[in-house]
Amino acid sequence: MAETQIKAELKETAVKCGEDDIMSNSTNATFICVPGSLCEVLFYKVELIIVPVLFYLAFLVTLIILFVLKCSHKPSHRYGHHRNEKDDTQHHHNTYRHRNSNRRHLQGIDAPPELNPLEHEVIPMTAQPHHDMQNSSPAVPQQTTERHPDLFQLVSPLPLTFSVKQDNTVKLHRAVIDRQPVILRVLKESANARERQSFLGFAHFLSELGLHPSLPRLLGVVSVRTPLIIAVEELENRDLLNFLWRCRQDHTGQESPCDMTERRIFTMGAQIASALEYLHSKNYIHGNVKARSVLVGQDLSVKLWGLGPAYRSKASTGSVEAVEDVEMRKWQAPEVLARQPLQQSSDVWSFGILLYEMVTLGDPPFPNIMASELLQHLQRVNTLKRPPNCSNTLYSIIKSCCQWKPKDRVSLAELIRKLQSGERSANDQAVLRVSEPLNMEKYMREAGYGESVNYAVL
20 MAETQIKAEL KETAVKCGED DIMSNSTNAT FICVPGSLCE VLFYKVELII VPVLFYLAFL
80 VTLIILFVLK CSHKPSHRYG HHRNEKDDTQ HHHNTYRHRN SNRRHLQGID APPELNPLEH
140 EVIPMTAQPH HDMQNSSPAV PQQTTERHPD LFQLVSPLPL TFSVKQDNTV KLHRAVIDRQ
200 PVILRVLKES ANARERQSFL GFAHFLSELG LHPSLPRLLG VVSVRTPLII AVEELENRDL
260 LNFLWRCRQD HTGQESPCDM TERRIFTMGA QIASALEYLH SKNYIHGNVK ARSVLVGQDL
320 SVKLWGLGPA YRSKASTGSV EAVEDVEMRK WQAPEVLARQ PLQQSSDVWS FGILLYEMVT
380 LGDPPFPNIM ASELLQHLQR VNTLKRPPNC SNTLYSIIKS CCQWKPKDRV SLAELIRKLQ
440 SGERSANDQA VLRVSEPLNM EKYMREAGYG ESVNYAVL
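Residue numbers (the working numbering): 20 to 477.
Take a look at the structure:
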């Protein structure tokens, strides 16, 4: 290759050197002799040397340009990579803030321990996404925000008051997060896959409910580590049944008596009916309307809870089937006692029983009838007796809810209208009183708890 590019053609000739020859060949020959002698003249083709040099110079220039471009590209790439990382980080923070803002628009809370309406439900406690319960593990609510357990402060066990059945899979705690009191529902760390799936499925269910003023707010979920937890707003007066029982007592001398008036019954009833109407608009049937499924705030506003049967009936079969639970029989509509599918009007029947609980300050419905015999009792066109403290207006609403045929029961829209109308004219001065003190053993018996293990009933 070198011979080809830099080859010089040599031409030898013998000449007689003279002045003329010297002058004529001075540009193309190199003389190595003296005048008047015989010399060898070497002729070169100069252009064969210049062209390769030009190619070599062009090659060097190209290398330099490529080197410069390469060196300048590396810092640019590093800067671009750094910028992308920065953008990704900013996007992550923006996403977190967006999820965190949405977190406060979620619903759901496990009822206080004494209510135990969620004894079969499971939920997490660090934020989550949307869901499909019929495939593998259900996702956690997208709107919820992942919470780190260390963010919870002043965590303490929630004391039990009244609980029919103990739930060994879930423990309830009281805590504070963002200066707000919350209730933590914690799944045991030894929970199996089915229990964890159900826990996350219930969290998904709660996130779908959305925001309503008469449903407790879901504040956060922990789902990426154990234990799984859900955080819900705490309602200071806890469940309505225990609140009604406290109202039976003599509060003389206490600063904050929980006095119940007829107007307060109408007010609370309208709030609960509004929550029921909201659930029905989303094609859910509550299936567990009773005083134990209602939570009472510090300002005596109420929120509907006890959503376990609604979740379980949907998650188990995809259809709304009644949940077989002996402790719910006294509140269930006749068609449910007859093991027919739940209807929205079944919730209306149970709502009428709830009004009865409120006006009696926590008495069980149909106290002289065993739960196992209630369906036959209702078939004879028997209904709830009017309590002594109950006005004609309130009792007429109770009866309109507790009609034997579902089609004859009042609609929720009409029910809300009647409750709001009754609130305006109801007595707000006379405090409801019940002379008979609470007897827990008697209550358990009359409410139908424990009949499933009472062999005398068989």
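Positions of the beta carbon are idealized from the N, C-alpha and C atoms, including for glycine.
Residue i: first and last residue of the uninterrupted beta strand (DSSP E) it sits in
i: Leu-238; result: 236-241
i: Pro-200; result: 199-206
i: Arg-193; result: 189-196
i: Lys-461; result: Here Lys-461 belongs to no beta strand (DSSP E); instead the alpha helix (DSSP H) covers 459-465.
i: Ile-5; result: Limits of the chain in this structure are 20 at one end and 477 at the other, which puts residue 5 out of reach.
i: Val-321; result: 321-323
Nearest to residue i (by Cα), restricted to the options the options
i: Tyr-303; options: Leu-206, Pro-328, Ser-391 and Glu-281; result: Pro-328
i: Gln-351; options: Pro-360, Gln-363, Trp-368 and Gln-359; result: Trp-368
i: Leu-191; options: Asp-197, Tyr-330 and Leu-203; result: Leu-203
i: Lys-309; options: His-231, Leu-76, Asp-382 and Ala-445; result: Asp-382
i: Ser-391; options: Lys-418, Ile-372 and Val-355; result: Val-355
i: Asn-307; options: Asp-318, Ser-364, Ser-454 and Ile-284; result: Ser-364
i: Leu-373; options: Glu-433, Ile-291, Arg-428 and Leu-431; result: Ile-291
i: Val-243; options: Leu-237, Arg-443, Phe-218 and Lys-333; result: Phe-218
i: Pro-425; options: Leu-314, Gln-362 and Ala-294; result: Gln-362
i: Leu-260; options: Val-201, Gly-325, Ala-250 and Leu-238; result: Gly-325
i: Arg-440; options: Phe-86, Asp-197 and Arg-282; result: In the sequence as presented, Arg is not what sits at residue 440; that position holds Ser. Measuring from the Cα of Ser-440, the nearest candidate turns out to be Arg-282.
i: Asn-401; options: Pro-384, Cys-409 and Thr-412; result: Pro-384
i: Arg-443; options: Ala-294, Phe-285 and Glu-227; result: Phe-285
i: Lys-461; options: Leu-413, Ile-416, Asn-387 and Gln-422; result: Asn-387
i: Arg-399; options: Pro-353, Trp-264 and Ser-226; result: Pro-353
i: Leu-451; options: Pro-406, Ile-69 and Trp-423; result: Pro-406
i: Arg-213; options: Leu-413, Arg-265, Thr-379 and Thr-188; result: Thr-188
i: Glu-455; options: Leu-380, Leu-323 and Ile-196; result: Leu-380
i: Phe-370; options: Met-347, Arg-358, Gln-359 and Pro-360; result: Met-347
i: Ile-435; options: Gln-317, Leu-319 and Ile-416; result: Ile-416
i: Met-463; options: Arg-265, Asp-366 and Lys-349; result: Lys-349
i: Asp-197; options: His-305, Arg-358, Leu-225 and Leu-238; result: Leu-238
i: Glu-227; options: Glu-376, Ala-449 and Lys-333; result: Lys-333
i: Ser-233; options: Glu-433, Ala-289 and Trp-423; result: Ala-289
i: Ala-294; options: Ala-449, Pro-235 and Gln-317; result: Pro-235
i: Cys-420; options: Cys-409, Leu-403 and Thr-280; result: Leu-403
i: Asn-411; options: Ala-432, Leu-393, Ala-445 and Leu-394; result: Ala-445
i: Gln-395; options: Val-345, Ala-357, Tyr-375 and Glu-376; result: Ala-357
i: Arg-265; options: Val-453, Tyr-75 and Phe-74; result: Val-453
Counted within 10 angstroms of its Cβ, other Cβ atoms place residue i as buried (16 or more) or exposed
i: Arg-257; result: buried
i: Arg-267; result: buried
i: Cys-277; result: buried
i: Cys-287; result: In the sequence as displayed, the identity of residue 287 is Met instead of Cys. With 16 or more Cβ atoms within 10 Å of its Cβ, Met-287 is classed as buried.
i: Met-459; result: exposed
i: Ser-312; result: buried
i: Lys-89; result: exposed
i: Arg-331; result: buried
i: Leu-86; result: Going by the sequence as given, residue 86 is Phe instead of Leu. So Phe-86 ends up on the exposed side.
i: Glu-556; result: No answer is possible for residue 556: the residues shown for the chain start at 20 and end at 477.
i: Gly-467; result: buried
i: Val-321; result: buried
i: Gln-162; result: Because the pLDDT of Gln-162 is 46, which lies under 50, any placement of that residue in the model is unreliable, and the number read from its coordinates should be weighed accordingly. With 16 or more other Cβ atoms within 10 Å, it is buried.
i: Lys-437; result: buried
i: Val-72; result: exposed
i: Phe-262; result: buried
i: Leu-323; result: buried
i: Asp-447; result: exposed
i: Leu-225; result: buried
i: Glu-253; result: buried
i: Leu-79; result: exposed
i: Glu-433; result: exposed
Residue interval of the alpha helix (DSSP H) (run including residue i)
i: Lys-424; result: First-last for Lys-424: undefined, no H or E at that position.
i: Glu-376; result: 363-378
i: Val-308; result: First-last for Val-308: undefined, no H or E at that position.
i: Val-450; result: Here Val-450 belongs to no alpha helix (DSSP H), and DSSP marks it neither H nor E.
i: Tyr-297; result: 281-300
i: Gly-220; result: 212-228
i: Ala-432; result: 431-444
i: Leu-397; result: 393-398
i: Leu-356; result: 353-356
i: Asn-261; result: 259-266
Query raised in the report: Three or more beta-carbon pairs under 8 angstroms between the segment 298-318 and the segment 209-223, yes or no?
Result: In this structure the segment 298-318 does not lie against the segment 209-223, because fewer than three pairs of beta carbons, one per stretch, are closer than 8 angstroms.
Legend entry - Given 8 angstroms, three or more beta-carbon pairs between the segment 215-229 and the segment 243-252: With contact defined as three or more Cβ pairs closer than 8 angstroms, the segment 215-229 and the segment 243-252 are in contact.
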